[in-house]
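Participant: Pasting in a structure now, in structure tokens, and then I'll have a few things to ask.
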């Protein structure tokens, strides 16, 4: 398989995981505000509102055949990019004082569809991201 085909397959898998995550969040009655919010600093897969709380959701998707858990793919550097994008979003909506959290949704997909979907509200916090690294 060439690089372009592998990348396209990876992007399709990610999009499938995000679609599954959106369905899960809607089933939990969270309001979908935005998908794939992109700025120079980073990207947020899904932004929702849970009552008065804004949620910045990272979705990690893997195939069942993969040995590692999808959540293992969320590294400090990516958390920092997500945090920067979230701060940009809060400035964009002119609500820097709003309460927010960072969630993680892990999706494992088998041949016939999702095998496991896990949601971790408040998976990490902005206080984990040291200001000197921003």
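Numbering (the numbering used here), first residue to last: 11 to 144. In this text, a Cβ means the ideal position worked out from N, Cα and C, and glycines have one as well. Just so you know, these numbers come straight off a predicted model, no measurement behind them.
Which residues share a DSSP beta bridge with residue 70?
Facilitator: The residue given as residue 70 occupies position 60 in the chain shown. Answer is 116, bridged to residue 70.
Participant: What's the gap between the Cα of residue 15 and the Cα of residue 74?
Facilitator: Mapped onto the chain shown, residue 15 falls at position 5. Mapped onto the chain shown, residue 74 falls at position 64. Whole-angstrom Cα-Cα distance: 20 Å.
Participant: Got a sec? Which residues, its chain only, sit under 6 Å from residue 110 by beta carbon, not counting five neighbours each side?
Facilitator: For this step, residue 110 is matched to residue 100 along the chain shown. Only 64 meet the Cβ criterion.
Participant: Compare the Cα-Cα distances from residue 119 to each of 77, 87, 46 and 101 and report the closest residue.
Facilitator: As a position in the chain shown, residue 119 is number 109, starting the count at 1. Answer by Cα proximity: 77.
Participant: Which one of 133, 93 and 39 has the shortest CA to CA distance from residue 61?
Facilitator: The count along the chain shown starts at 1 and reaches residue 61 at position 51. It is 39 whose Cα lies nearest to the Cα of residue 61.
Participant: Hey, would you say residue 31 sits closer than 8 Å to residue 66, going by beta carbons?
Facilitator: Here the question's residue 31 lines up with position 21 in the chain shown. Here the question's residue 66 lines up with position 56 in the chain shown. No. Outside cutoff.
Participant: Within 10 angstroms of its Cβ, does residue 82 collect 16 or more other Cβ (buried), or is it exposed?
Facilitator: Along the chain shown, read from residue 1 onward, the residue named residue 82 stands at position 72. Answer is exposed; the Cβ neighbour count stays below 16.
Participant: With a 10 Å radius around its C-beta and 16 neighbouring C-beta atoms as the bar for buried, classify residue 54 as buried or exposed.
Facilitator: Along the chain shown, read from residue 1 onward, the residue named residue 54 stands at position 44. Residue 54 is buried by the Cβ-count criterion.
Participant: Measure the alpha-carbon distance for residue 22 versus residue 28 and round it to whole angstroms.
Facilitator: Stepping through the chain shown from its first residue, residue 22 is reached at position 12. Stepping through the chain shown from its first residue, residue 28 is reached at position 18. If you take the alpha carbons of residue 22 and residue 28, they lie about 10 Å apart.
Participant: Count the other CB atoms within 10 Å of the CB of residue 123; is the residue buried (16 or more) or exposed (fewer)?
Facilitator: Along the chain shown, one-based indexing puts residue 123 at 113. With fewer than 16 Cβ atoms within 10 Å of its Cβ, residue 123 is classed as exposed.
Participant: Put residue 43 into one of helix, strand or coil per three-state DSSP.
Facilitator: Along the chain shown, read from residue 1 onward, the residue named residue 43 stands at position 33. It is a strand residue.
Participant: At the level of alpha carbons, what is the spacing between residue 25 and residue 132?
Facilitator: Residue 25 sits at position 15 when you count from the first residue of the chain shown. Residue 132 sits at position 122 when you count from the first residue of the chain shown. Going by the C-alpha atoms only, they are around 22 Å apart.
Participant: Taking only beta-carbon atoms, is residue 58 less than 8 Å away from chain B?
Facilitator: Looking for chain B here will not work: only one protein chain is present.
Participant: How would you label residue 121, buried or exposed, when you count the other beta carbons within 10 angstroms and need 16 or more for buried?
Facilitator: Counted from its first residue, the chain shown places residue 121 at position 111. The residue is exposed, with fewer than 16 neighbouring Cβ atoms inside 10 Å.
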